[in-house]
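Heads up, the sequence shown is in the numbering used here, so the first residue is 134 and it goes up one at a time.
Where is the CB? At the ideal position from N, CA and C, for every residue including glycine.
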Amino acid sequence: MSIETNRSRTTEVRPGTSATAVGQSSPQVRSVGLGLRLHRALVVGDVVCVIAAVVTAWALRIGFEGDQSVSGDVDVSYLTASLVIAGAWTAALAAGRSRDRRVLGQGAAEYQRVWSATWRVFAVVAVVAFLVHADVARTYLAIAAPLGLALLLTWRAVARRYLHRVRAQGRGLQDVVVVGPREKVAHFPQMLGDGAASGYRVVAACVPHGAIEHDEDVAGVPVLGGLDDVRLVAETTGARMVLVLGSDAVTSQTVRQIGWDLEGTGIDLALSLALVDVAGPRMTVQPVSGLQWAFVDEPRFTGWRYVLKNVFDFLGTGLITLLLSPVLLGVAAVIKVTSPGPVLYRQERIGKDGKPFPMLKFRSMVVDADKRLAEVLAAEGREVGMFYKPVNDPRVTPIGRFIRRYSIDELPQLFNVLRGEMSLVGPRPQIQAEVDLYDRAAHRRLRVKPGLTGLWQVSGRSDLSPEASIRLDVRYVENWSMFGDMLILMRTAKAVVAGEGAR
């Protein structure tokens, strides 16, 4: 099969790709159908969550007996008010693009849009009620808003889990044509990672300069054309997105021409800025003298966001400690009965700005574990290093092996959080010997409070390399957000229950 280009050149397409990657293949059609079904399911689920929230608030605060009206200068029943709020809430979720396929299944953007739509609706309700002198019961609003938000976020988390499962089977992925020099094309699939998480699959590439060799591919990606062939390649492969990789070889004029070519096709155009580990909230794109400049804000480690984080840490930790108090007491009793020595293990760790503090854990090892560390590492041919944990550590007690598998041994650090030495989410605290090995990048971990859990804990825990762990921690330090913290906490619960990466 071949593609006729606008330069009267014929580009050969590999035979192995003609039945699957090329053309309007049935897998691609099924993926589009799956996307439509998922979107409809999200709409139905959102409506159910919203109705459940307002009905529950109505039942708990007002009751269904009679048709009670909102007090004040207007004569509006709670039934009417509930229907209006539910309709506005549903519309806000749609207007806020909370179901945009580009945010589904990855990052915190989807959850942020759900949150934003929710608070905007109830802010408008409060303003309108004030202007028309309608006294809507505060308890009604206090039940409906948080309950609805919790239901919506839970529903979206369930839907995301399903989406990841079908993506892992190769379904529901968006096919992408990448445009850029061969060296960037070769590196891109590795940067993109697993399709289950990203939702994208690279099916072809268009490269600048030079003739395209017969049956050429780059890192398994078939090269099907040059810069003038982008639209034809995208339409022929059934791709729904063209991604331009930043390069001197791909000029702004070329990008503009590609954009013109794609007009009316329904194919998205995206630009990869290649700014690794810089999150969107820190970037602002502004026109300067006809050019688009991406301004990157300096990471900030003070201000109202950190005040909010501290308040969230204190209130959240207090609630968690209260709920888990039976577990804390039970584990303490079992450790005391089954293993000689203290219940708690205290070790000096390095916290924010390099300040040491005593970190608490349930003791999961024999009493002289620290003295035997060098012996255990020597048996594995290792030295003390960042993030490394011995495999099948002989110092761990039988009960210790269980509580370490499910991270129960970390629960006493809730008291470190209450004392202000740690945060619920942040880089894990390390000992001085490990901090002494830090390079400049790793030292960024000390700009914030260490956390009970963190980004690398939910990305593989002990299974990650030290380099990958540091990179994830630095990414968190410089780009954290409250929604990101909540997402990490939810992922932590899943990782702990599954025992992923625990030692």
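Neighbourhood of Gly220 by C-beta, 8 Å cutoff - its chain only, sequence neighbours within 5 removed: none
Cβ contact (3+ pairs, closer than 8 Å) linking the segment 333-341 and the segment 366-381: yes
Of the residues Leu226, Ile536, Thr625, Val568, the one placed nearest Gly484, counting alpha carbons only: Val568
CA-to-CA distance, Val558 to Thr384, given in whole angstroms: 42 Å
Coarse secondary structure for Gly353, derived from DSSP in three states: coil
Length of the line joining the Cα atoms of Gly332 and Ile195: 44 Å
Rounded C-alpha distance that separates Glu396 from Gly358: 19 Å
Segment limits, alpha helix (DSSP H) that includes Phe255: 242-264
Neighbourhood of Lys317 by C-beta, 7 Å cutoff - its chain only, sequence neighbours within 5 removed: Leu378, Ser380
CA-to-CA distance, Val309 to Val630, given in whole angstroms: 35 Å
Helix, strand or coil at Gln386 according to DSSP, with G and I counted as helix: helix
Cβ shell of Ala319 (< 7 Å), same chain only, five flanking positions each side left out: Val351, Ala352
Exposed unless 16 or more other CB atoms sit within 10 angstroms - verdict on Lys582: buried
Segment contact, 8 Å Cβ cut-off, at least three pairs: the segment 471-489 with the segment 585-593: no
DSSP beta-bridge partners of Leu404: Val377
Nearest-angstrom beta carbon gap, Ala367 and Val375 [assumed within contact, 8 Å]: 5 Å
For Asp308: DSSP bridge partner residues: Arg334
Buried/exposed call for Thr471, threshold 16 Cβ in 10 Å: exposed
As assigned by DSSP and simplified to three states, the class of Arg482: strand
Residue of Pro491, Arg608, Ser614 minimising C-alpha distance to Tyr439: Ser614
Opening and closing residue of the beta strand (DSSP E) in which Gln419 lies: 416-421
Per-residue DSSP class, three states only, for Met555: coil
Segment contact, 8 Å Cβ cut-off, at least three pairs: the segment 168-175 with the segment 239-246: no
Three-state class that DSSP yields for Leu544 in the structure shown: coil
Opening and closing residue of the beta strand (DSSP E) in which Pro489 lies: 489-495
Three-state secondary structure assigned by DSSP to Ser614: coil
C-alpha distance - Ala601 paired with Leu264, whole-angstrom precision: 54 Å
Backbone secondary structure at Leu570 - three-state DSSP: coil
Short Cβ contact (8 Å threshold) for Gly305 with Val183: no
Residue closest to Ala427, alpha-carbon to alpha-carbon, out of Arg433, Thr435, Val418: Val418
Residues near Pro662 by beta carbon distance below 7 Å, same chain, minus five either side: The question about residue 662 has no answer here: the residues shown for the chain are numbered 134 through 636.
Start and end residues, beta strand (DSSP E) containing Leu585: 584-586
In DSSP terms, what Gly358 is bridged to: Cys339
Euclidean distance between Cα positions of Val311 and Asp394: 15 Å
Simplified DSSP assignment, three categories, for Arg147: Annotation note: pLDDT 43 at Arg147 (below 50); position unreliable, coordinate value reported separately. Looking at Arg147 - three-state DSSP - the assignment turns out to be coil, as it is neither helix nor strand.
Three-state class that DSSP yields for Ser210 in the structure shown: strand
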